[in-house]
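**Q**
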Amino acid sequence: MKRTRLFHRFKSQNLFRLVIGLPAGIFLAEITAMIIVYFLKGAYWFTILIDAVIATALMLPLIYILSYRPLLNDIVNRERTKAIMEFRLRLMQFGITNSLDELLQVTLDEIEALIGGTIGFFHFLEADQNTLWLQAWSTNTIQCMCNAEGKGSHYNLDQAGIWADCARLRQPVVHNDYALLENRKGTPEGHALISRELTVPILREGQVVAILGIGNKPTEFTPDDVDLVSTLSDFAWDIFERKRAEDALRESEEKYRTLVDWTYDWEIWIDPQGDYIYNSPSCQRMSGYSPEEFIVDPTLSLRIVHPDDLKAYEEHQQFFHDNNARASNFEYRIIAFDGSVRWIDHICRPLQGKDKGYLGRRISNRDITDRKLAEQEAMRRNQNESMLTQTIHTLQLEIARDLHDTIGQNIGYLRMKLDHLSEADPQTCSNLNTEITSMLKVANESYDLIRGTLEVLQADGLLNPFAFFIQYAAQIEERSPFKIHVSSRGEPRLLSPNQVRQIFFAYREALSNIEKHAKASKVSVELAWNHDHLSLVIVDDGQGFQLEEVPAGSHYGLRFMQERMNALNGTFSIQSAQSDGTTLTFTLPFA
């Protein structure tokens with residue numbers, strides 16, 4: 063529509079000039095002819111001839127001036143405008159897929175072709191208005207005209223030749239007689255010879271930003287050439303600026319993309335609706351799933367959360383839709399593609415644009431599995447050390463109690479006897495041998511107790527108590543009137559040193575009581591290894607006793623054995639009757 067209106071306007075203007083020109087020419091020619099005929103007073107045919115000649119001579123220039131010349135100028139201007147627009151369109155299309163250097167070179171080639179030059183160059187001028195950068199030569203210049211190096215080089219404006227006068231004067235400069243110029247500086251070695259040149263400055267905001275030059279046109283440069291090159295260079299600079307901005311934006315985006323794609327942490331950008339805008343490749347290292355899988359399936363991030371942490375994660379997701387929510391973080395677990403559990407340190411914060419509009423949230427997920435495992439290991443070690451310390455303390459107390467309750471009492475008995483003997487008169491002490499024999503018996507008992515205790519304490523790892531029972535029974539038999547038979551039934555299980563120590567002390571206390579009180583001739587000891595517990599059954603054929611008739615102060619040994627079993631979560635029972643022996647049963651659970 064716009065082109066149609068322009069065409070009709072153009073047609074109307076030229077028709078108006080033609081309509082005005084014809085009457086004006088006829089009127090002027092008739093007046094002139096009448097004046098000439100009046101003075102010459104010739105024949106009628108002569109009058110007509112004079113009239114025709116004068117009309118033709120006057121009307122043709124007038125019609126040309128008023129109509130045809132403007133028409134021709136309009137045609138030239140239209141062709142020129144068309145060429146400029148096509149030039150601009152070609153540059154814009156070329157710049158889409160090519161570099162800035164290639165765009166600069168094609169621009170020079172296009173202008174060369176339109177003007178008819180054979181040399182073209184482009185210089186950029188820095189913001190200091192003094193530093194020049196050679197950016198491009200035309201293709202013909204590089205291939206046929208100039209071998210001088212210098213692309214990308216820079217130098218000061220005051221060192222440049224007369225071609226740079228356009229930047230100094232801030233207007234186009236034409237040299238149609240370059241060889242005759244007195245102030246020219248010449249050209250470097252390998253540079254093309256210059257016969258004519260046209261250089262134009264490109265200005266933006268009052269500053270010269272570049273210089274475009276065309277040289278060696280076969281004919282002189284005209285004002286139309288100056289206008290055309292100025293217009294084309296101005297249009298071209300807009301395209302260059304846009305291209306440089308696009309390249310800078312593309313480079314910035316590539317740097318950003320490279321930076322975030324190669325971050326070790328898992329970076330995510332979620333929009334206000336909770337959909338993924340960006341998901342870094344690190345997610346595959348942590349979760350085993352690719353970024354595309356999370357984008358295609360927005361529920362995947364929820365489905366891989368560990369069931370124990372799912373509720374906390376769902377509550378945290380509410381922040382995604384709250385533009386007033388501040389930065390927050392928490393730790394949770396995910397189940398990776400390979401089934402492994404990974405600990406994630408999750409930090410998210412709101413994103414805002416330049417207009418303070420809410421753009422969603424940025425999430426940084428860091429794999430802290432190794433740290434968590436180290437913390438758990440440290441906690442386990444601390445717990446083990448605490449348990450070990452408590453165990454050692456308990457063991458110390460139990461050993462102290464054992465020593466006090468057994469060996470300590472024996473030593474106290476020996477001291478008391480020794481004190482008595484030291485104060486008695488040997489001549490009047492008739493039972494001296496009996497006392498010494500009794501003391502030796504107590505000393506041997508203490509020795510045996512120490513040996514048994516050391517063997518249990520020095521044992522490393524799990525133990526089978528059967529060997530300790532056999533050895534201790536043999537020691538008791540050496541000094542006692544009864545025989546001891548120790549047997550084992552079932553598949554033996556290894557016990558901890560603490561279990562062996564406790565049941566051994568109970569076993570030792572039982573044999574000590576039989577030795578002191580039972581007056582037995584035979585003792586039977588059986589270790590019964592059951593499915594979930596160990597039973598120790600000790601039977602003697604001694605005189606037995608009635609438990610309810612035992613004096614209150616004499617229950618010490620029985621209480622001692624009960625406490626041992628309680629420490630192992632076991633049981634202790636007694637069956638005895640007067641003149642019918644005694645049966646002691648100890649039960650120790652394995653777990």
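Using the working numbering, you'd call the opening residue of the sequence shown number 63 and step up by one each time. Cβ coordinates follow ideal geometry from the N, Cα and C atoms, glycine included. Because the structure is a prediction, the values reported are computed rather than measured.
Between which two residues does the beta strand (DSSP E) carrying LEU609 extend?
**A** No beta strand (DSSP E) holds LEU609; DSSP gives it neither H nor E.
**Q** Should VAL271 and SER292 be called a contact, given that it needs their Cβ atoms to be closer than 8 Å?
**A** No, the pair does not count as a contact, with Cβ atoms beyond the cut-off.
**Q** Is it right to say LEU494 is buried, meaning 16 or more other beta carbons lie within 10 angstroms of its own, or is it exposed?
**A** With fewer than 16 other Cβ atoms within 10 Å, it is exposed.
**Q** With a threshold of 16 other CB atoms inside 10 Å of the CB of ASP417, please say whether the residue is buried or exposed.
**A** Looking at its Cβ environment, which holds fewer than 16 other Cβ atoms inside 10 Å, ASP417 is exposed.
**Q** According to the Cβ coordinates, are ILE532 and GLU539 closer than 8 Å?
**A** No; because the gap between Cβ atoms is not below 8 Å, this pair is not in contact.
**Q** May I have the straight-line CA-CA distance separating SER641 from ILE576, to the nearest angstrom?
**A** About 14 Å.
**Q** Using a threshold of 8 Å, state whether the C-beta atoms of ASP337 and PRO360 are closer than that.
**A** For ASP337 and PRO360, yes; Cβs fall inside 8 Å.
**Q** Considering Cα atoms alone, identify which of GLU571, LEU151 and VAL585 is closest to GLN624.
**A** Cα-wise, what sits closest to GLN624 is GLU571.
**Q** Can you check DSSP and say which residues form a bridge with GLU259?
**A** In the DSSP output, where bridge partners are listed per residue, GLU259 has HIS237 and GLY277.
**Q** Taking a contact to mean a Cβ-Cβ separation below 8 Å, would you say PHE382 touches ARG411 in this structure?
**A** No, Cβ-Cβ distance for PHE382 and ARG411 is not below 8 Å.
**Q** What residue does the beta strand (DSSP E) around ARG551 start on, and which one ends it?
**A** Its beta strand (DSSP E) spans residues 545-551.
**Q** DSSP three-state label for ILE430, please.
**A** Looking at ILE430 - three-state DSSP - the assignment turns out to be coil, as it is neither helix nor strand.
**Q** Can you give, in chain order, each stretch of the alpha helix (DSSP H) that sits fully within the region 359-430 and has at least 4 residues?
**A** Counting whole runs of 4 or more residues, the region 359-430 contains the alpha helix (DSSP H) stretches 362-365 and 372-379.
**Q** Should ILE454 go down as buried or exposed, given a rule of 16 or more other Cβ atoms within 10 Å for buried?
**A** By the 10 Å Cβ count, ILE454 comes out exposed.
**Q** Take the Cβ of TRP324 as the centre, count every other Cβ of all protein chains shown within 10 Å, and call the residue buried at 16 or more, exposed below.
**A** So TRP324 ends up on the exposed side.
**Q** Would you list the one or two residues that DSSP bridges to SER597?
**A** According to DSSP, SER597 bridges with ALA590 and THR649.
**Q** If the criterion is Cβ atoms closer than 8 Å, does the pair GLY178 and PRO334 meet it?
**A** No, these two residues do not count as a Cβ contact at 8 Å.
**Q** With burial defined as no fewer than 16 other Cβ atoms inside 10 Å of the residue's Cβ, what is the status of PRO527: buried or exposed?
**A** Label assigned to PRO527: buried.
**Q** According to DSSP, is ALA189 part of a helix, a strand, or is it coil?
**A** Coil.
**Q** Do LEU219 and LEU194 have their C-beta atoms within less than 8 Å of each other?
**A** Contact flag set, yes.
**Q** Which whole runs of the beta strand (DSSP E) in the region 306-370 are 3 residues long or more, in chain order?
**A** As far as the region 306-370 is concerned, its whole beta strand (DSSP E) runs of at least 3 residues are 328-332 and 338-341.
**Q** If we ignore side chains and look at the alpha-carbon of each, how far apart do SER344 and THR431 end up?
**A** Going by the C-alpha atoms only, they are around 15 Å apart.
**Q** Tell me the rounded alpha-carbon separation between GLN379 and ASP400.
**A** Each residue's alpha carbon lies about 25 Å from the other.
**Q** Under the rule that 16 or more other beta-carbon atoms within 10 Å means buried, what is LEU151, buried or exposed?
**A** It counts as exposed.
**Q** By the 10 Å Cβ neighbour count, where 16 or more other Cβ atoms means buried, how is ARG443 classified, buried or exposed?
**A** By the 10 Å Cβ count, ARG443 comes out exposed.
**Q** State the CB to CB distance for the pair SER257 and ASN278, rounded to an integer number of angstroms; the pair is presumed to be in contact (CB under 8 Å).
**A** Contact flag correct, Cβ pair sits at about 5 Å.
**Q** Spatial neighbours of TYR326 within its chain, please: C-beta separation below 7 Å, excluding the five flanking residues on both sides.
**A** So the qualifying residues of the chain are SER344.
**Q** The alpha helix (DSSP H) spanning THR633 covers which residue range?
**A** Run containing THR633: none in the alpha helix (DSSP H); it sits in the beta strand (DSSP E), 633-638.
**Q** Apart from the five residues just before and just after ALA189, which ones in its own chain have a Cβ nearer than 8 Å to its Cβ?
**A** Contacts found: GLN269.
**Q** What residues match up with LYS584 in a beta bridge as DSSP calls it?
**A** DSSP, once it has assigned bridges, lists LYS545 as partnering LYS584.
**Q** So what's THR644 in DSSP terms, helix, strand or just coil?
**A** Strand at THR644.
**Q** With a cut-off of 8 Å on the beta carbons, I'd call GLU507 and ASN472 a contact; round off their distance for me.
**A** That pair is a contact at about 6 Å.
**Q** Could you round the C-beta distance between HIS408 and ILE273 to whole angstroms and report it? I think they count as a contact, below 8 Å.
**A** Incorrect: roughly 57 Å between the Cβ atoms, too far for contact.
**Q** Leaving out five residues on either side along the sequence, give the residues of the same chain with a beta carbon under 7 Å from the beta carbon of THR201.
**A** Closer than 7 Å at Cβ, skipping near neighbours: GLN167 and ASP171.
**Q** Could you have a look at PHE183 and say whether DSSP puts it in helix, strand or coil?
**A** Note: PHE183 maps to strand in three-state DSSP.
**Q** Does the structure place the region 581-599 close enough to the region 551-561 that three or more beta carbon pairs sit under 8 Å?
**A** They touch, by the three-pair rule.
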